[in-house]
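The structure appears right after this line, and notes come after that.
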Amino acid sequence: MPNKLRPSFDDIYMDLAATLSQRSHCVKAQVGAVLTKDTRIISLGYNGPPTGTHNCDEEWPEHGCPRDSKGSCSLALHAEQNAILYAAKNQMALEGATLYVTLSPCIACARVIFTTGIKKVFYKASYAAFKGLPTDEGVDFLRKFGVEVIKYEKAETL
Numbered sequence: 001m002p003n004k005l006r007p008s009f010d011d012i013y014m015d016l017a018a019t020l021s022q023r024s025h026c027v028k029a030q031v032g033a034v035l036t037k038d039t040r041i042i043s044l045g046y047n048g049p050p051t052g053t054h055n056c057d058e059e060w061p062e063h064g065c066p067r068d069s070k071g072s073c074s075l076a077l078h079a080e081q082n083a084i085l086y087a088a089k090n091q092m093a094l095e096g097a098t099l100y101v102t103l104s105p106c107i108a109c110a111r112v113i114f115t116t117g118i119k120k121v122f123y124k125a126s127y128a129a130f131k132g133l134p135t136d137e138g139v140d141f142l143r144k145f146g147v148e149v150i151k152y153e154k155a156e157t158l
């Protein structure tokens, strides 16, 4: 019987994060996140407003939600924040977990990722490139404090 090529867990989880990003109501960017531990999914998230508030694509379809004092979305939770908050709400231990996210963490999310004990982060695209920033501060922060951060590249199949 021939060996069947099976996708890696990294490919499965990043593909799921990309699919989850399509659930986002954000007009500016769609980001998805998957939190895993020991090859099991423990939480999912995508960026957008908190449950029970406005859906930006419905309320403000042309420009998105109003900007805050720093020019960022006034309502948005980032995908990794949503995944971490859901896990915390359900008393899931994050120590040693792995995060798959379609956009590298911003500095604020990086601080939360580090504090919760997540030990590895895979990201697909650069937050700095998306925002026009000189460096990926979140990635730099995580690496400085011992979190393994990997730019995801899909494995080529034969």
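Straight run, no breaks: the sequence shown in the numbering used here ends on number 158. The beta-carbon is built from N, C-alpha and C at its ideal position, and this holds for glycine as well.
What are the boundary residues of the beta strand (DSSP E) that includes residue i?
i	result
residue 145	Run containing residue 145: none; DSSP gives neither H nor E here.
residue 35	32-37
residue 101	98-103
residue 46	40-46
Confirm the yes/no value for this check: CB of residue i, any heavy atom of the ligand SAH, distance under 7 Å.
i	result
residue 47	No copy of the ligand SAH occurs in the structure displayed, which carries no ligand at all.
Are there 16 or more other CB atoms within 10 angstroms of the CB of residue i, so buried, or fewer, so exposed?
i	result
residue 22	exposed
residue 90	exposed
residue 43	buried
residue 150	exposed
residue 29	buried
residue 83	buried
residue 142	buried
Would you mind working out which of the options sits nearest residue i, comparing C-alpha positions?
i	options	result
residue 35	94, 126 and 154	94
residue 41	13, 144, 132 and 96	13
residue 75	57, 88, 92 and 130	57
residue 51	61, 100, 24 and 60	24
residue 145	117, 131 and 8	117
residue 96	84, 37 and 115	37
residue 131	73, 61 and 55	73
residue 98	9, 65 and 134	9
residue 174	102, 7 and 6	The shown model of the chain, from 1 to 158, leaves out residue 174, and the question about it has no answer.
residue 100	65, 39 and 129	39
Would a C-beta distance cut-off of 8 Å place residue i and residue j closer than the cut-off?
i	j	result
residue 147	residue 124	no
residue 48	residue 104	no
residue 46	residue 31	yes
residue 122	residue 86	no
residue 80	residue 33	yes
residue 140	residue 126	no
residue 160	residue 106	Nothing about residue 160 can be read from this structure; the chain reaches only from 1 to 158.
residue 11	residue 155	yes
On the DSSP letters alone, give me the boundaries of the alpha helix (DSSP H) that residue i sits inside.
i	result
residue 16	9-21
residue 129	127-131
residue 112	107-116
residue 85	79-89
residue 95	Neither: residue 95 is in no alpha helix (DSSP H) and is coded neither H nor E.
residue 242	Since the first and last residues shown for the chain are 1 and 158, residue 242 lies out of range.
Do the stretch 60-70 and the stretch 106-116 meet, that is, are 3 or more Cβ pairs less than 8 Å apart?
no
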